[in-house]
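All remarks here apply to the structure that follows.
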Amino acid sequence: MLKVENLSVNYGGIQALRGISLDVPVGRIVTLIGANGAGKSSTLRAIAGLVRNKSGSVTWKEKHLLGLNPEHVLERGIALCPEGRRIFPHLTVLENLKLGGYSCKNREEEDAGIERAFSLFPRLRERSWQKGGTLSGGEQQMLAVGRALMSDPELIMFDEPSMGLAPILVEEVFDIIERINKEGKTVLLVEQNAFAALKIADYAYVLEVGEITLQGPGEELLRDPRVVSAYLGG
Ligand code: ATP
1 MLKVENLSVN
11 YGGIQALRGI
21 SLDVPVGRIV
31 TLIGANGAGK
41 SSTLRAIAGL
51 VRNKSGSVTW
61 KEKHLLGLNP
71 EHVLERGIAL
81 CPEGRRIFPH
91 LTVLENLKLG
101 GYSCKNREEE
111 DAGIERAFSL
121 FPRLRERSWQ
131 KGGTLSGGEQ
141 QMLAVGRALM
151 SDPELIMFDE
161 PSMGLAPILV
171 EEVFDIIERI
181 NKEGKTVLLV
191 EQNAFAALKI
201 ADYAYVLEVG
211 EITLQGPGEE
221 LLRDPRVVSA
231 YLGG
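Counting from 1, one number per residue, gives the positions in the sequence shown under the UniProt record's numbering.
The structure is reproduced here in structure tokens:
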């Protein structure tokens, strides 16, 4: 499993995370919900090796990750699908996917990654020569997911995958996450859409100003009055 223990993150005096601990068992979907600025992105970015000032311990299958650079975290089988999708608007769909495959060891691995993305999202195959910036929001999210899957990670972390999407596409994104999980990937999902995230999560944590304040199985938190009033609109 992914084991995060006593993780703290500091941005030049701003303490974004205050010693949080969480577990993501292999094969499960675990979600981290919380308001804007609670520290959700910081958690994922710290695990991915993208944050410098951090302390505590992060292990994946009992091997230490904290202190590794992002390339080495990816080599250990952990990928991040970042907030805001971060696709390259002037590069084609295919070129964007290839960038996600920079850790692929050879051409075969890269081709397999591209094929994986295209079979998951046939629309990307149809648009493989189209520039990323000309895709719709939903298609850009598919591209971001396809790109994160290029390295065939064991664990994939999603940062607010539903952000800015129309309701029908939000549903599609959560279906895709469930499908990716059923196909064998462990998932750590960060979301502001608490309802949709809790519905698909095996286990969930609530983050408030840098601290975990509540945790439990997804369905249990969906019924928890504290979660209902704070995150599910009463
Ligand atoms: P959001 O949904 O807005 O992304 P979040 O729960 O993901 O919120 P973080 O982005 O992790 O929260 O931010 C946690 C805290 O750290 C916030 O107070 C934020 O302003 C601060 N913060 C985040 N990144 C930086 C940075 N690079 N430099 C300084 N402060 C930062």
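Even glycine gets a Cβ: it sits at the ideal position worked out from N, Cα and C.
Please name the residue or residues paired with residue i in a DSSP beta bridge.
i	result
R18	S8
E208	E211
I78	L155
V93	Note: V93 sits in no beta bridge, so no partner.
G203	Note on identity: in this sequence residue 203 is Tyr, with Gly being the wrong assignment. Y203 pairs with V30, P217.
H64	T59
D23	K3
E191	I33
K54	V9
Quick one: is residue i buried, meaning 16 or more other Cβ sit within 10 Å of its Cβ, or exposed?
i	result
I33	buried
S41	buried
T213	exposed
N193	buried
K182	exposed
K185	buried
residue 286	Residue 286 falls outside the range modelled here, since the chain spans only 1 to 234, and no answer is possible.
I87	buried
A197	buried
L149	buried
D159	buried
Y205	buried
P225	exposed
A79	buried
E71	exposed
Apart from the five residues on each side of it in sequence, which residues of its chain come closer than 6 Å, Cβ to Cβ, to residue i?
i	result
P89	G132, G133
S55	S8
R45	V51
C81	A144, V145, A148, F158
V227	L221
L188	V24, V30, M157
Report all residues from its chain with a CB closer than 7 Å to the CB of residue i; omit the five preceding and five following residues, and keep chain order.
i	result
F195	L232
R18	S8, G210, E211
F118	L124, R125
If you drop the 5 nearest sequence neighbours on each side, which residues of the same chain put their C-beta closer than 8 Å to that of residue i?
i	result
Q15	S8, V9, G210
G113	L97, G100, G101, C104, L149, M150, S151, D152
Taking 6 Å as the cut-off, is the C-beta of residue i nearer than that to any heavy atom in the ligand MN?
i	result
G132	Although the ligand MN was asked about, the structure shown includes only the ligand ATP as ligands.
Considering only heavy atoms of the ligand ATP, list every residue whose Cβ is less than 5 Å from one of them, following chain order. Qualifying residues, in the order they occur: Y11, I14, A16, N36, G37, A38, G39, K40, S41, S42.
To test your reading of the DSSP string, which unbroken alpha helix (DSSP H) runs of 4 or more residues are found completely within the segment 100 to 188? With a minimum length of 4 residues, the continuous alpha helix (DSSP H) runs that stay inside the segment 100 to 188 are 107 to 120, 122 to 126, 137 to 148, 167 to 182.
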